[in-house]
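Visitor: One structure is given below, represented as C-alpha coordinates, and several questions about it will come after.
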Amino acid sequence: MPNIFTFATSELSTSAFYAWLLENLNPKYTSTPAIKQAALDFTNHCLTKVSIPTLAVADIKALEVATEYPLNPNCRIDIYAKFTRYGEDPIHLFIENKVQANETKKDQLVQYHDEIKNKETKGHITGDIAEIYLKSGYDFADPLCYKDIKGIVVSKGAFKKINWQDLWAIFSPHRAIGSDFVRDMAACVENKYNFIDNQRSATTLADFTLSDHVGQSFLLQIIFHSYFTTNAPLYTSTANSRTRTHYNNKCYLQVGNSRGRSWTKFVPCQGQDILKCRIEKLAGGYFLRLGIYIPKADLPTKLTYIKTQRDKMHDEIDVAGLSFIEKLLPRRGNPSAIFFAQIYLDSKTNTPSMADLQKLNSVVQNYISMKP
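Numbering (our numbering), first residue to last: 45 to 416.
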(Lines of atoms letter the chains of each structure in order from A; the text may use other names.)
(Lines give C-alpha, C1' and ligand atoms only; values in the text may rest on other atoms or scores of the structure.)
Protein backbone atom coordinates (compact mmCIF):
# COMPACT_ATOMS: atom_id res chain seq x y z
CA MET A 45 0.00 0.00 0.00
CA PRO A 46 1.16 3.58 -0.59
CA ASN A 47 2.32 5.58 2.41
CA ILE A 48 -0.15 8.37 3.22
CA PHE A 49 2.68 10.60 4.44
CA THR A 50 4.14 10.63 0.95
CA PHE A 51 1.24 12.95 0.18
CA ALA A 52 0.31 14.33 3.61
CA THR A 53 3.50 16.37 4.01
CA SER A 54 2.14 19.71 5.25
CA GLU A 55 2.21 20.91 8.84
CA LEU A 56 -1.59 20.76 8.99
CA SER A 57 -1.57 17.12 7.88
CA THR A 58 1.12 16.01 10.29
CA SER A 59 -0.40 18.06 13.14
CA ALA A 60 -3.69 16.25 12.49
CA PHE A 61 -1.88 12.92 12.78
CA TYR A 62 -0.20 13.80 16.10
CA ALA A 63 -3.49 15.16 17.48
CA TRP A 64 -5.26 11.96 16.38
CA LEU A 65 -2.51 9.86 17.98
CA LEU A 66 -2.84 11.71 21.29
CA GLU A 67 -6.63 11.42 21.22
CA ASN A 68 -6.29 7.63 21.34
CA LEU A 69 -5.33 8.04 25.01
CA ASN A 70 -8.77 9.50 25.75
CA PRO A 71 -10.53 7.01 28.07
CA LYS A 72 -13.77 7.39 26.13
CA TYR A 73 -12.24 5.59 23.13
CA THR A 74 -11.64 1.86 22.93
CA SER A 75 -8.45 2.08 20.87
CA THR A 76 -6.29 -1.02 20.67
CA PRO A 77 -3.57 -1.46 23.31
CA ALA A 78 -0.93 -1.20 20.54
CA ILE A 79 -2.18 2.21 19.38
CA LYS A 80 -2.50 3.41 22.98
CA GLN A 81 1.10 2.36 23.60
CA ALA A 82 2.33 4.27 20.53
CA ALA A 83 0.43 7.34 21.72
CA LEU A 84 1.82 6.91 25.23
CA ASP A 85 5.39 6.56 23.92
CA PHE A 86 5.00 9.82 22.00
CA THR A 87 3.50 11.60 25.01
CA ASN A 88 6.08 10.37 27.49
CA HIS A 89 8.97 11.25 25.18
CA CYS A 90 7.64 14.82 25.18
CA LEU A 91 7.22 14.86 28.96
CA THR A 92 10.70 13.45 29.55
CA LYS A 93 12.17 16.31 27.51
CA VAL A 94 10.85 18.78 30.09
CA SER A 95 11.45 16.58 33.17
CA ILE A 96 7.79 15.82 33.87
CA PRO A 97 7.14 12.30 35.24
CA THR A 98 5.81 9.91 32.62
CA LEU A 99 2.19 8.79 32.39
CA ALA A 100 0.51 5.41 32.36
CA VAL A 101 -2.75 4.87 30.52
CA ALA A 102 -4.47 4.26 33.88
CA ASP A 103 -3.37 7.71 35.11
CA ILE A 104 -5.51 9.54 32.55
CA LYS A 105 -8.98 10.51 33.79
CA ALA A 106 -9.85 12.74 30.83
CA LEU A 107 -8.15 14.23 27.78
CA GLU A 108 -8.75 17.28 25.62
CA VAL A 109 -6.88 17.64 22.30
CA ALA A 110 -7.04 20.55 19.86
CA THR A 111 -5.19 21.75 16.78
CA GLU A 112 -4.58 25.43 15.99
CA TYR A 113 -5.13 26.20 19.67
CA PRO A 114 -5.45 29.97 20.34
CA LEU A 115 -2.99 31.34 22.87
CA ASN A 116 -4.49 34.76 22.17
CA PRO A 117 -6.75 36.08 19.37
CA ASN A 118 -3.72 36.54 17.08
CA CYS A 119 -1.50 33.65 18.15
CA ARG A 120 -2.21 29.94 17.63
CA ILE A 121 -0.04 26.95 18.46
CA ASP A 122 -0.30 23.80 16.34
CA ILE A 123 -1.29 21.20 18.95
CA TYR A 124 -2.56 21.39 22.53
CA ALA A 125 -3.45 18.51 24.85
CA LYS A 126 -4.70 18.66 28.44
CA PHE A 127 -4.28 15.45 30.45
CA THR A 128 -6.52 15.34 33.53
CA ARG A 129 -5.04 12.89 36.01
CA TYR A 130 -6.48 11.00 38.95
CA GLY A 131 -5.39 12.69 42.17
CA GLU A 132 -2.81 14.92 40.41
CA ASP A 133 -2.71 18.32 38.76
CA PRO A 134 -3.31 18.26 34.99
CA ILE A 135 -0.55 18.25 32.37
CA HIS A 136 -0.70 20.80 29.55
CA LEU A 137 1.19 19.78 26.42
CA PHE A 138 1.86 22.53 23.86
CA ILE A 139 3.44 21.46 20.54
CA GLU A 140 4.66 23.71 17.74
CA ASN A 141 5.05 21.47 14.70
CA LYS A 142 7.41 22.21 11.82
CA VAL A 143 8.04 19.84 8.93
CA GLN A 144 10.64 21.29 6.54
CA ALA A 145 10.12 24.97 7.35
CA ASN A 146 11.89 26.91 10.05
CA GLU A 147 10.16 29.25 12.44
CA THR A 148 7.99 31.89 10.81
CA LYS A 149 10.02 34.46 12.71
CA LYS A 150 13.06 34.13 14.88
CA ASP A 151 11.23 34.85 18.18
CA GLN A 152 8.08 32.80 17.44
CA LEU A 153 8.73 30.31 20.23
CA VAL A 154 9.52 33.13 22.65
CA GLN A 155 6.14 34.69 21.88
CA TYR A 156 4.39 31.36 22.42
CA HIS A 157 6.20 30.82 25.71
CA ASP A 158 5.25 34.29 26.93
CA GLU A 159 1.59 33.71 26.04
CA ILE A 160 1.58 30.35 27.84
CA LYS A 161 3.16 31.91 30.95
CA ASN A 162 0.58 34.70 30.75
CA LYS A 163 -2.22 32.11 30.83
CA GLU A 164 -0.55 30.45 33.81
CA THR A 165 -0.15 33.75 35.66
CA LYS A 166 -3.84 34.58 35.16
CA GLY A 167 -4.83 31.15 36.45
CA HIS A 168 -6.25 29.98 33.12
CA ILE A 169 -4.02 26.92 33.26
CA THR A 170 -2.72 25.12 36.35
CA GLY A 171 -0.48 22.11 36.73
CA ASP A 172 2.53 20.92 34.76
CA ILE A 173 3.39 22.53 31.42
CA ALA A 174 5.35 20.95 28.57
CA GLU A 175 6.42 23.14 25.64
CA ILE A 176 7.66 21.11 22.66
CA TYR A 177 9.13 22.18 19.31
CA LEU A 178 8.49 19.23 16.99
CA LYS A 179 10.92 19.35 14.07
CA SER A 180 10.55 16.32 11.83
CA GLY A 181 12.86 17.52 9.04
CA TYR A 182 16.62 17.82 9.47
CA ASP A 183 16.95 20.52 12.11
CA PHE A 184 20.32 22.08 11.21
CA ALA A 185 18.57 25.43 10.70
CA ASP A 186 16.60 25.40 13.94
CA PRO A 187 18.69 25.57 17.11
CA LEU A 188 16.69 26.78 20.08
CA CYS A 189 18.73 29.96 20.48
CA TYR A 190 19.14 33.04 18.33
CA LYS A 191 21.05 36.30 18.32
CA ASP A 192 18.89 39.29 19.17
CA ILE A 193 19.25 42.75 17.65
CA LYS A 194 22.10 43.53 20.05
CA GLY A 195 24.00 40.41 19.03
CA ILE A 196 23.30 38.59 22.31
CA VAL A 197 22.52 34.88 22.15
CA VAL A 198 19.19 34.22 23.87
CA SER A 199 17.13 31.08 24.47
CA LYS A 200 13.73 30.59 22.84
CA GLY A 201 11.63 30.33 25.96
CA ALA A 202 11.23 26.95 27.63
CA PHE A 203 10.63 24.92 24.47
CA LYS A 204 12.45 21.62 24.09
CA LYS A 205 13.01 20.01 20.71
CA ILE A 206 11.72 16.69 19.43
CA ASN A 207 13.71 16.06 16.25
CA TRP A 208 14.09 13.33 13.64
CA GLN A 209 16.24 11.23 15.97
CA ASP A 210 13.62 11.42 18.72
CA LEU A 211 10.86 10.48 16.28
CA TRP A 212 12.88 7.45 15.20
CA ALA A 213 13.22 6.36 18.84
CA ILE A 214 9.46 6.84 19.37
CA PHE A 215 8.08 5.16 16.27
CA SER A 216 10.62 2.49 15.31
CA PRO A 217 9.20 -0.03 17.83
CA HIS A 218 5.80 0.35 16.17
CA ARG A 219 6.71 -0.47 12.57
CA ALA A 220 4.55 -3.61 12.60
CA ILE A 221 1.53 -2.08 14.35
CA GLY A 222 -1.96 -2.79 13.05
CA SER A 223 -2.75 0.89 12.47
CA ASP A 224 -2.04 2.06 8.92
CA PHE A 225 -1.48 5.63 10.12
CA VAL A 226 1.06 4.74 12.81
CA ARG A 227 2.79 2.19 10.57
CA ASP A 228 3.04 4.75 7.76
CA MET A 229 4.49 7.35 10.13
CA ALA A 230 7.02 4.81 11.41
CA ALA A 231 8.08 4.03 7.83
CA CYS A 232 8.26 7.74 6.95
CA VAL A 233 10.43 8.47 9.98
CA GLU A 234 12.64 5.47 9.22
CA ASN A 235 13.22 6.65 5.63
CA LYS A 236 14.09 10.14 6.83
CA TYR A 237 16.36 8.80 9.57
CA ASN A 238 18.21 6.54 7.13
CA PHE A 239 18.62 9.34 4.58
CA ILE A 240 20.00 11.84 7.08
CA ASP A 241 22.21 9.23 8.71
CA ASN A 242 23.57 8.20 5.30
CA GLN A 243 24.34 11.80 4.40
CA ARG A 244 26.01 12.42 7.74
CA SER A 245 28.26 9.38 7.34
CA ALA A 246 29.02 9.90 3.63
CA THR A 247 32.71 9.62 2.78
CA THR A 248 32.87 10.10 -1.02
CA LEU A 249 31.44 12.82 -3.20
CA ALA A 250 29.15 10.31 -4.94
CA ASP A 251 27.52 9.49 -1.58
CA PHE A 252 26.08 12.99 -1.13
CA THR A 253 22.63 13.91 -2.45
CA LEU A 254 23.47 17.33 -3.88
CA SER A 255 19.85 18.17 -4.71
CA ASP A 256 18.98 18.33 -1.01
CA HIS A 257 19.98 20.86 1.65
CA VAL A 258 20.96 18.00 3.96
CA GLY A 259 23.51 16.56 1.53
CA GLN A 260 24.83 20.01 0.66
CA SER A 261 25.17 20.92 4.33
CA PHE A 262 27.12 17.82 5.34
CA LEU A 263 29.39 18.08 2.29
CA LEU A 264 30.30 21.67 3.17
CA GLN A 265 30.96 20.65 6.77
CA ILE A 266 33.38 17.96 5.63
CA ILE A 267 35.19 20.19 3.12
CA PHE A 268 35.62 23.09 5.54
CA HIS A 269 36.21 20.79 8.48
CA SER A 270 38.33 23.09 10.62
CA TYR A 271 35.43 25.52 10.99
CA PHE A 272 32.97 22.96 12.34
CA THR A 273 33.76 21.73 15.83
CA THR A 274 30.35 20.02 15.87
CA ASN A 275 27.53 19.41 13.41
CA ALA A 276 25.03 20.60 16.02
CA PRO A 277 24.13 24.27 15.46
CA LEU A 278 24.30 26.70 18.37
CA TYR A 279 22.13 29.64 17.33
CA THR A 280 20.64 31.47 14.39
CA SER A 281 20.77 35.06 13.23
CA THR A 282 18.85 36.84 10.51
CA ALA A 283 20.04 39.18 7.76
CA ASN A 284 17.97 40.42 4.83
CA SER A 285 15.12 38.10 5.91
CA ARG A 286 17.35 35.02 5.57
CA THR A 287 18.28 32.77 8.47
CA ARG A 288 21.94 32.06 9.15
CA THR A 289 22.71 28.95 11.18
CA HIS A 290 25.81 29.39 13.33
CA TYR A 291 27.67 26.25 14.40
CA ASN A 292 30.14 28.26 16.45
CA ASN A 293 31.60 31.73 16.24
CA LYS A 294 33.74 30.76 13.25
CA CYS A 295 31.18 30.09 10.54
CA TYR A 296 27.56 29.82 9.50
CA LEU A 297 25.49 28.00 6.90
CA GLN A 298 22.58 29.50 5.02
CA VAL A 299 20.11 27.59 2.85
CA GLY A 300 17.69 28.70 0.19
CA ASN A 301 16.01 27.90 -3.10
CA SER A 302 16.49 29.52 -6.48
CA ARG A 303 13.97 28.64 -9.18
CA GLY A 304 13.01 25.56 -7.21
CA ARG A 305 16.61 24.40 -6.78
CA SER A 306 18.17 24.01 -3.36
CA TRP A 307 21.39 25.82 -2.53
CA THR A 308 23.52 25.95 0.61
CA LYS A 309 26.15 28.52 1.45
CA PHE A 310 29.09 28.32 3.86
CA VAL A 311 30.51 31.60 5.18
CA PRO A 312 33.46 31.85 7.57
CA CYS A 313 32.49 34.52 10.08
CA GLN A 314 35.92 36.15 9.98
CA GLY A 315 35.40 36.82 6.30
CA GLN A 316 31.65 37.21 6.19
CA ASP A 317 31.96 40.66 4.65
CA ILE A 318 33.62 39.25 1.55
CA LEU A 319 33.77 35.46 1.23
CA LYS A 320 31.13 32.83 0.47
CA CYS A 321 31.29 29.19 -0.69
CA ARG A 322 28.08 28.01 -2.27
CA ILE A 323 26.77 24.69 -3.63
CA GLU A 324 24.07 25.14 -6.24
CA LYS A 325 22.76 23.75 -9.50
CA LEU A 326 23.69 25.59 -12.69
CA ALA A 327 23.48 24.62 -16.34
CA GLY A 328 25.30 21.32 -16.56
CA GLY A 329 24.99 20.18 -12.96
CA TYR A 330 26.00 21.02 -9.40
CA PHE A 331 28.93 23.31 -8.62
CA LEU A 332 30.74 24.52 -5.56
CA ARG A 333 31.56 28.17 -6.19
CA LEU A 334 33.88 30.46 -4.24
CA GLY A 335 33.42 34.19 -4.38
CA ILE A 336 32.89 37.47 -2.59
CA TYR A 337 30.24 40.01 -1.83
CA ILE A 338 31.20 43.24 -3.53
CA PRO A 339 30.89 46.62 -1.80
CA LYS A 340 27.43 48.17 -2.09
CA ALA A 341 28.76 51.66 -2.54
CA ASP A 342 29.83 52.60 -6.05
CA LEU A 343 33.39 53.24 -5.00
CA PRO A 344 35.98 54.47 -7.50
CA THR A 345 38.21 51.63 -6.32
CA LYS A 346 35.59 48.89 -6.72
CA LEU A 347 37.08 47.36 -9.85
CA THR A 348 40.55 47.46 -8.32
CA TYR A 349 39.17 45.84 -5.15
CA ILE A 350 37.52 43.04 -7.14
CA LYS A 351 40.67 42.39 -9.17
CA THR A 352 42.78 42.30 -6.00
CA GLN A 353 40.45 39.76 -4.36
CA ARG A 354 40.34 37.65 -7.52
CA ASP A 355 44.14 37.56 -7.75
CA LYS A 356 44.45 36.57 -4.08
CA MET A 357 42.07 33.67 -4.50
CA HIS A 358 43.69 32.49 -7.72
CA ASP A 359 47.12 32.67 -6.07
CA GLU A 360 45.92 30.53 -3.16
CA ILE A 361 44.49 27.97 -5.57
CA ASP A 362 47.82 27.82 -7.43
CA VAL A 363 49.80 27.44 -4.21
CA ALA A 364 47.56 24.55 -3.16
CA GLY A 365 48.02 22.91 -6.57
CA LEU A 366 44.29 22.40 -7.08
CA SER A 367 44.16 21.95 -10.84
CA PHE A 368 40.57 20.67 -10.75
CA ILE A 369 39.33 24.15 -9.83
CA GLU A 370 38.15 26.34 -12.69
CA LYS A 371 39.25 29.95 -12.28
CA LEU A 372 36.64 32.54 -13.20
CA LEU A 373 36.87 36.16 -14.24
CA PRO A 374 34.38 38.66 -12.80
CA ARG A 375 31.30 39.30 -14.88
CA ARG A 376 30.53 42.74 -16.17
CA GLY A 377 27.80 44.73 -14.51
CA ASN A 378 27.17 45.25 -10.83
CA PRO A 379 25.84 42.04 -9.26
CA SER A 380 25.62 41.66 -5.48
CA ALA A 381 28.22 38.90 -5.53
CA ILE A 382 31.02 37.74 -7.78
CA PHE A 383 32.57 34.28 -8.07
CA PHE A 384 36.26 33.72 -8.77
CA ALA A 385 36.39 29.91 -8.86
CA GLN A 386 34.17 26.87 -9.17
CA ILE A 387 34.38 23.08 -8.93
CA TYR A 388 32.14 20.82 -10.98
CA LEU A 389 30.70 18.21 -8.62
CA ASP A 390 28.65 16.11 -11.04
CA SER A 391 31.37 14.59 -13.19
CA LYS A 392 31.34 10.78 -13.24
CA THR A 393 34.89 10.50 -14.58
CA ASN A 394 37.01 13.33 -13.17
CA THR A 395 35.32 13.95 -9.83
CA PRO A 396 37.78 15.36 -7.27
CA SER A 397 38.45 13.19 -4.24
CA MET A 398 37.30 14.25 -0.80
CA ALA A 399 40.96 14.69 0.18
CA ASP A 400 41.42 17.17 -2.67
CA LEU A 401 38.18 18.98 -1.84
CA GLN A 402 39.29 19.31 1.77
CA LYS A 403 42.33 21.26 0.60
CA LEU A 404 39.86 24.10 -0.01
CA ASN A 405 39.80 24.47 3.76
CA SER A 406 43.36 25.83 3.79
CA VAL A 407 42.64 27.94 0.68
CA VAL A 408 39.82 29.66 2.55
CA GLN A 409 41.84 30.01 5.74
CA ASN A 410 44.76 31.61 3.92
CA TYR A 411 42.49 33.81 1.81
CA ILE A 412 40.58 35.34 4.71
CA SER A 413 43.81 35.84 6.69
CA MET A 414 44.80 38.27 3.93
CA LYS A 415 41.50 40.17 4.17
CA PRO A 416 42.21 43.87 3.65
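All residues carry an ideal CB built from backbone N, CA and C; glycine is no exception.
Quick one: give me the first and last residue of the alpha helix (DSSP H) that Asp158 is part of.
Guide: Here residue 158 is taken as the residue at index 114 of the sequence shown, counted from 1. Here the alpha helix (DSSP H) through Asp158 covers 152-165.
Visitor: Would you report the Cα separation of Leu326 and Gln353, rounded to the nearest angstrom?
Guide: The count along the sequence shown starts at 1 and reaches residue 326 at position 282. The count along the sequence shown starts at 1 and reaches residue 353 at position 309. Leu326 and Gln353: Cα-Cα distance of roughly 23 Å.
Visitor: Can you tell which of Arg227, Asn405, Pro277 has its C-alpha closest to the C-alpha of Glu360?
Guide: One-based indexing of the sequence shown puts residue 360 at position 316. The candidate whose alpha carbon is nearest that of Glu360 is Asn405.
Visitor: Taking the alpha helix (DSSP H) that Arg227 belongs to, which residues open and close that run?
Guide: As a first step, residue 227 must be located in the sequence shown, where it is residue number 183. It spans 224-244 - the alpha helix (DSSP H) in which Arg227 sits, taken as one unbroken run.
Visitor: Just to confirm, are Phe384 and Pro277 a CB contact at a threshold of 8 Å?
Guide: The count along the sequence shown starts at 1 and reaches residue 384 at position 340. The count along the sequence shown starts at 1 and reaches residue 277 at position 233. Taking 8 Å as the Cβ cut-off, Phe384 and Pro277 do not qualify as a contacting pair.
Visitor: Label Arg322 either buried or exposed according to how many other C-beta atoms from any shown protein chain fall within 10 Å of its C-beta, with 16 as the threshold for buried.
Guide: As a first step, residue 322 is located in the sequence shown; it is residue number 278 there, counting from the start. Arg322 should be labelled buried.
Visitor: Between the alpha carbons of Asn378 and Lys351, how many angstroms are there, rounded?
Guide: Residue mapping note: residue 378 aligns to position 334 of the sequence shown, counting from 1. Residue mapping note: residue 351 aligns to position 307 of the sequence shown, counting from 1. The predicted model places Asn378 with a pLDDT of 48, which falls under 50 and marks its position as unreliable, so this point remains unresolved.
Visitor: Within 8 Å of any Cβ in chain D, is that where the Cβ of Asn70 sits?
Guide: Here there is only one protein chain, and chain D is not present.
Visitor: Go ahead and label Met45 buried or exposed: buried means 16 or more other beta carbons lie within 10 angstroms of its beta carbon, across all protein chains shown.
Guide: Looking up residue 45 in the sequence shown gives position 1. The residue in question, Met45, is exposed, as its Cβ has fewer than 16 Cβ neighbours within 10 Å.
Visitor: Alpha carbon to alpha carbon, what distance is there between Phe49 and Leu65?
Guide: Taking the first residue of the sequence shown as position 1, residue 65 is located at position 21. Taking the first residue of the sequence shown as position 1, residue 49 is located at position 5. Leu65 and Phe49: Cα-Cα distance of roughly 15 Å.
Visitor: Comparing alpha-carbon positions, which option in Glu132, Ile387, Lys163 lies nearest Cys119?
Guide: What you label residue 119 is simply residue 75 of the sequence shown in a count that begins at 1. Minimum Cα distance to Cys119 is reached at Lys163.
Visitor: Going straight from the alpha carbon of Phe268 to that of Gln260, what length do you get?
Guide: Taking the sequence shown and counting its residues from 1, one reaches residue 268 at position 224. Taking the sequence shown and counting its residues from 1, one reaches residue 260 at position 216. Going by the C-alpha atoms only, they are around 12 Å apart.
Visitor: Please determine whether the Cβ atom of Glu360 lies at a distance below 7 Å from any heavy atom of the ligand ADP.
Guide: This structure simply doesn't include the ligand ADP, nor any ligand for that matter.
Visitor: With C-beta atoms as the reference, is Gly230 less than 8 Å away from Phe215?
Guide: By one-based count along the sequence shown, residue 230 stands at place 186. By one-based count along the sequence shown, residue 215 stands at place 171. The sequence given here places Ala at residue 230; Gly does not occur at that position. Contact: yes.
Visitor: Tell me the rounded alpha-carbon separation between Val233 and Asp122.
Guide: Looking up residue 233 in the sequence shown gives position 189. Looking up residue 122 in the sequence shown gives position 78. So the alpha carbons of these two residues sit roughly 20 Å apart.
Visitor: Comparing C-alpha positions only, which one of Val311, Lys200, Leu263 sits nearest to Thr247?
Guide: What you label residue 247 is simply residue 203 of the sequence shown in a count that begins at 1. Ranking Val311, Lys200, Leu263 by Cα distance to Thr247 puts Leu263 first.
Visitor: Between the segment 100-120 and the segment 189-205, can you find at least three pairs of beta-carbon atoms closer than 8 Å?
Guide: Not touching, per the Cβ criterion.
Visitor: Could you pull out every residue in the same chain whose Cβ sits closer than 8 Å to the Cβ of Thr274, ignoring the five residues on either side in sequence?
Guide: Counting from 1 along the sequence shown, the entry for residue 274 is found at position 230. Hits under 8 Å: Tyr291, Asn292.
Visitor: Under a Cβ-count criterion, where at least 16 other Cβ atoms within 10 Å of its own Cβ denotes burial, should Ala3 be classed as buried or exposed?
Guide: The first residue shown for the chain is 45 and the last is 416, placing residue 3 beyond what the model contains.
Visitor: Mind checking who Trp307 pairs with in its DSSP beta bridge?
Guide: For the purposes of this step, residue 307 is taken as residue 263 along the sequence shown, with counting starting at 1. Paired residues: Gly300.
Visitor: Count the other CB atoms, across all protein chains shown, that sit within 10 Å of the CB of Ala283; report buried if there are 16 or more and exposed otherwise.
Guide: By one-based count along the sequence shown, residue 283 stands at place 239. The residue in question, Ala283, is exposed, as its Cβ has fewer than 16 Cβ neighbours within 10 Å.
Visitor: Measuring only the C-alpha atoms, how far is Thr289 from Leu334?
Guide: Position 245 of the sequence shown holds residue 289. Position 290 of the sequence shown holds residue 334. Taking the straight line from one Cα to the other gives about 19 Å.
Visitor: Output yes or no for whether 8 Å exceeds the beta carbon distance between Phe331 and Tyr388.
Guide: If you number the sequence shown from 1, residue 331 lands on position 287. If you number the sequence shown from 1, residue 388 lands on position 344. Yes, the Cβ-Cβ distance between Phe331 and Tyr388 is below 8 Å.
Visitor: Put Ala283 into one of helix, strand or coil per three-state DSSP.
Guide: On the sequence shown, residue 283 is found 239 positions in, with the first residue counted as 1. Three-state DSSP puts Ala283 in a strand.
Visitor: Whole-angstrom Cβ separation of Tyr337 and Ile318, contact assumed at under 8 Å?
Guide: One-based indexing of the sequence shown puts residue 337 at position 293. One-based indexing of the sequence shown puts residue 318 at position 274. About 6 Å separates the two Cβ atoms, so the contact holds.
Visitor: Taking 8 Å as the threshold (C-beta atoms), are Phe61 and Phe225 in contact?
Guide: Along the sequence shown, read from residue 1 onward, the residue named residue 225 stands at position 181. Along the sequence shown, read from residue 1 onward, the residue named residue 61 stands at position 17. Cβ atoms of Phe225 and Phe61: closer than 8 Å.
Visitor: Suppose contacts are defined by Cβ-Cβ distances below 8 Å. Is Pro312 in contact with Tyr271 by that definition?
Guide: As a working mapping, residue 312 is identified with position 268 in the sequence shown. As a working mapping, residue 271 is identified with position 227 in the sequence shown. Against a cut-off of 8 Å, the Cβ pair of Tyr271 and Pro312 comes out as a contact.
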